Every structure is written in C-alpha cells, then in structure tokens.
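Numbering (our numbering), first residue to last: -10 to 211.
Cβ atoms here follow ideal geometry from the backbone N, Cα and C, with glycine treated the same way.
In this text, all values refer to a predicted model and were calculated from it rather than measured experimentally.
A short write-up of the structure that comes next.
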Amino acid sequence: MGGKTAIVLGLVTGIVVGGLIVGGLVAFLPGTPVATPAPTAAPTPYPSSASTPAASASPVASSLPAAEPSATTGAEAFGVGQPAPALVVPKVGGGTIDLASLRGKPVWVNFMATWCPSCVDELPLMAGFAARYEDTGLVVVPVDVREDEAAVAAFFKGLGLTFPVGLDTDGAAQAEWGAVALPVHFWIDKDGIVRDGALGGIGPDVMATGLGSILPGVTVTP
C-alpha cells in the first residue's frame, strides 16, 4: 500500500507541475492578450496666458455700437483746428461782445458761472496772464451762463477783476459752443481758429499751454 500511495502522489504532482508549465507557455504565445494596467490620467495643468487661446469676442459685445468720443476730452470736443463759432452776447455794464470784432487778436473765451468754485479759483489766474501778456493783444472774455447781470457784476467786482464780461442769459451761446460743463476754456488765434481747449478746474500749467497755442513766438510760462 505504501508503494502504491507514493506512485499516486508522484503522478498527481507531475500533473500539477505540467499544468503550470503549459499555462505559462500559453501566456507567452503570440496573439495572447495580456492584461495591462489602465494608464493613470495626467493631471490637468492650470491654463496660462501663453498656452490658452484668446477668447473669441462676445457676440453681445461685438454687436454694441462704438463708443462716442467724450464731450469733455480730446481735440474734437473743443473744435480744435476749426473756426470758432459765432459769439455775440450782451456785456455787463452795457454794450455787446462780438467775437468777430476781435479778429486779428488772440482771444481766450471762458464759459463760467458765479456759483462755480473752480471759476473763483481760475479767474484771478486768468487776470494774471492777461496782465503779463497784454502787449501781445491778448483779450480774455469770460461769458457768464444763465445768471442775472447784477449778480454777475457784483461777483466780478468782489474779485477785483475788470474783464469785459459777456452774459449768455438763455444758454444759447453755451449750446452753440458745446460748453456742456462749466467752466470750460477755448483759445482762439488771431485768425479766429480754435487752437486749444480745456475743461475747467485747470491750473496755470494748462493755461500756459493754451495761451502758447495762440501766441506764436511767445514763451508763455505758468
């Protein structure tokens, strides 16, 4: 019995070993699919300005009309390079101010009002420039918008100013010149052409630049 048992065990062992050998050979035969681990997805990098394509224009934004030029900035806003509009207004104290009658002289037109804090600051500076460059023929013309003559006369007297002051009592001149905000300045050369303009609240540097545009050959300092 012991010999038969040994023989049986040997046969079983041989069969098992043989099966393992055959299985290994089959696994390596050509065409046999071999399971491979699924690739691990690479992490998605954060987009950068260098690698991200430019976004296409929004259809909403592209359908919007182009922005209109600002009414308070740029040469077009002041009519630079164009003939100055007509300006004929009553003068404080009597008479008329007519810009056409000043042709041949450099003119600084300033639309203003007595309630305007910037006007109170600017007018004495303007008087200083007028005195310094009087020999050039410079004429400074403040034009008060929509106020009573008596109040305007008292305002200028209180500041000690002797400018000829125009009265735009109905705002017609203001509209004609496009002076949508007060104060606003226009510098007109001797030929009646607007050479510079500025929205109010300006200082001597901007004033000097404006005057320089209508006083050729003159070094204007702040």
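Residue i (DSSP reduced to helix, strand or coil)
i, result
"TRP166", "helix"
"CYS112", "Before going on, a small fix: residue 112 reads as Leu here, not Cys. Three-state result, LEU112: helix."
"THR85", "strand"
"VAL141", "helix"
"VAL207", "coil"
"LYS80", "strand"
"ASP124", "helix"
First through last residue of the beta strand (DSSP E) which encompasses residue i
i, result
"THR198", "Per DSSP, THR198 belongs to no beta strand (DSSP E); it is in the alpha helix (DSSP H), 193 to 201."
"ALA89", "Note, ALA89: premise wrong, no beta strand (DSSP E); not H, not E."
"ILE177", "173 to 177"
"ALA187", "183 to 188"
"ASP157", "155 to 157"
Segment limits, alpha helix (DSSP H) that includes residue i
i, result
"ALA102", "Element bounds for ALA102: n/a, residue is neither H nor E."
Rounded straight-line distance, which links the Cα of residue j to that of residue i
i, j, result
"GLU111", "GLY181", "24 Å"
"PRO72", "GLY82", "28 Å"
"TRP213", "ALA164", "A query on residue 213 cannot be resolved here, the shown segment of the chain reaching from -10 to 211 and no further."
"HIS174", "GLU65", "14 Å"
"ASP194", "ARG121", "15 Å"
"ILE177", "ALA119", "14 Å"
Buried or exposed (CB count within 10 angstroms, at least 16 for buried), residue i
i, result
"ILE10", "Reliability of the predicted coordinates at ILE10 is poor, the pLDDT of 46 falling under 50, and the value obtained from them is presented with this limitation in mind. ILE10 should be labelled exposed."
"PRO131", "buried"
"ARG184", "buried"
"ALA143", "exposed"
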